[in-house]
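Protein chains: 2
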Amino acid sequence: MAEPHELREKGLRLTPQRELVLSAVRSLGHATPEDVAERVRQTHPGINLSTVYRNLETLENVGLVQHTHLGHGGATYHAAEAKLHAHLTCERCGVLIEVPIEETSLLTQSLLNDYGFHTDLEHLAISGRCEDCFEKP
Amino acid sequence: MAEPHELREKGLRLTPQRELVLSAVRSLGHATPEDVAERVRQTHPGINLSTVYRNLETLENVGLVQHTHLGHGGATYHAAEAKLHAHLTCERCGVLIEVPIEETSLLTQSLLNDYGFHTDLEHLAISGRCEDCFEKP
DNA sequence: ACCTAATTGCGAAAGATTCGCACTTACTCA
DNA sequence: TGAGTAAGTGCGAATCTTTCGCAATTAGGT
Ligand SMILES: [Mn+2]
Ligand SMILES: [Mn+2]
Ligand SMILES: [Zn+2]
Ligand SMILES: [Zn+2]
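Written out as structure tokens, the structure reads:
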């Protein structure tokens, strides 16, 4: 018996669209649904945008991808990896910096102690100004 | 000469709509444009939603209000006050906790040292689980 | 191969925000 | 004080993003 495909292991049907959505997320790093659709269309031109949305949601439900909000609006997706990271995003130029989660433990610890709040730094990025953008306002 | 109205001081024209939008933001605490519109309509039923959007933007430009993103989507507005605060928001129940900015200084300091990143905790909320929602998942 | 439920494509709907433009109004200053 | 002018408003339509309903297709179990 061959080892089952990772999608099948999660109890999902293996469709070309689903596989392509997952690999698009993985290769793009952090991508909007529209980005993902565009990438998938390179090998599967007919894919519908709603199929992309639905698969992103499905893949997130089984823990293969995650979404985060980098700026003012919508979601961007990235592969769920072993190493968690927080997102820093420059509100000027949009650059994205990934920070090992340990870097934030002092904050999360004190929010827990003082407010009983369990911080999830994956979901919403931390906004601010990158070094370059801070220097030349 | 009477002291000029605060809106006039900022170089803005004083219209009933604008004044009402500002006072709605102040009294509501944290509110969506729709919330603001609803409040304003209590005394000025005819106000148009696009007038609300435009005034929120204008008021933000002159520093009287600020917007922040509490959840997955749109903006909520609050009055720009002397005391800065970070926003904690529960991704389960939506409760909002305001945290004095000092509470976060260890994090912002280390992000600055390690990444040259100037954190703005006003713009994007910190996501997580409140105490209640963490206990009963 | 066959059956069934999951998945897809499609078009429409919904929700949020922005825009163009003609009309109104707050302020300037003669 | 009363034009004149530019800022502000209302209205409707346009955009943009995300979601839905439904009929047609297809993956996986038997
Ligand atoms: Mn924003
Ligand atoms: Mn989200
Ligand atoms: Zn930058
Ligand atoms: Zn909660």
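If you read the sequences in order, they're chains H and G.
Residue 98 in our numbering sits at position 74 of the first sequence, with consecutive numbering throughout.
Residue 106 in our numbering sits at position 82 of the second sequence, with consecutive numbering throughout.
For each residue, glycine too, the CB sits at the ideal point set by N, CA and C.
Quick caveat, the model's predicted, so the values are computed rather than measured.
C-alpha gap between residue 136 of chain G and residue 127 of chain H, whole angstroms:
12 Å
Under 8 Å by Cβ, that's how I've got residue 87 of chain H and residue 106 of chain H pegged, so tell me the actual separation to the nearest angstrom.
In fact, because the Cβ distance is near 12 Å, the residues do not count as touching under 8 Å.
Exposed or buried, what is residue 25 of chain H when buried is set at 16 or more other beta-carbons lying within 10 Å of its beta-carbon?
In this prediction, residue 25 of chain H scores a pLDDT of 48, lower than 50, which makes its location untrustworthy; no coordinate-derived value is stated.
Pull up the distance between the alpha-carbon of residue 69 of chain H and that of residue 77 of chain G, whole angstroms please.
38 Å
Can you give me the Cβ contacts of residue 145 of chain H inside the same chain, cut-off strictly under 6 Å, excluding the 5 residues immediately before and after it?
110 and 128
How is the alpha helix (DSSP H) around residue 146 of chain G delimited, first residue to last?
Counting along the chain, residue 146 of chain G falls outside any alpha helix (DSSP H), and DSSP gives it neither H nor E.
Any heavy atom of ligand 6 closer than 6 Å to the Cβ of residue 96 of chain G?
What this structure holds is ligand 1, ligand 2, ligand 3 and ligand 4, not ligand 6.
Three CB pairs or more closer than 8 Å across the stretch 45–60 of chain G and the stretch 89–102 of chain G:
yes
Which two residues bound the contiguous alpha helix (DSSP H) that contains residue 43 of chain G?
40–52
Just to check my reading of the structure: residue 149 of chain G and residue 94 of chain G have Cβ atoms closer than 8 Å, yes? What is that Cβ distance to the nearest angstrom?
5 Å
By a C-beta neighbour count over all protein chains shown, 10 Å radius and 16 as the cutoff for buried, is residue 154 of chain G buried or exposed?
buried
For a test of your reading of the model: does the CB of residue 65 of chain H fall under 6 Å from any non-hydrogen atom of ligand 3? Yes or no.
no
Rounded to a whole number of angstroms, what is the C-alpha to C-alpha distance between residue 116 of chain H and residue 157 of chain H?
7 Å
Residues in the same chain with beta-carbon distance under 8 Å from residue 160 of chain H, minus the five sequence neighbours each way, listed in chain order, please.
none
Counted within 10 angstroms of its Cβ, other Cβ atoms place residue 91 of chain G as buried (16 or more) or exposed:
buried
Kindly give me the distance between the Cβ atoms of residue 139 of chain G and residue 108 of chain H, rounded to whole angstroms, as I take these residues to be in contact under 8 Å.
Incorrect: roughly 17 Å between the Cβ atoms, too far for contact.
Taking 6 Å as the cut-off, does the CB of residue 117 of chain H come closer than this to any heavy atom belonging to ligand 3?
yes
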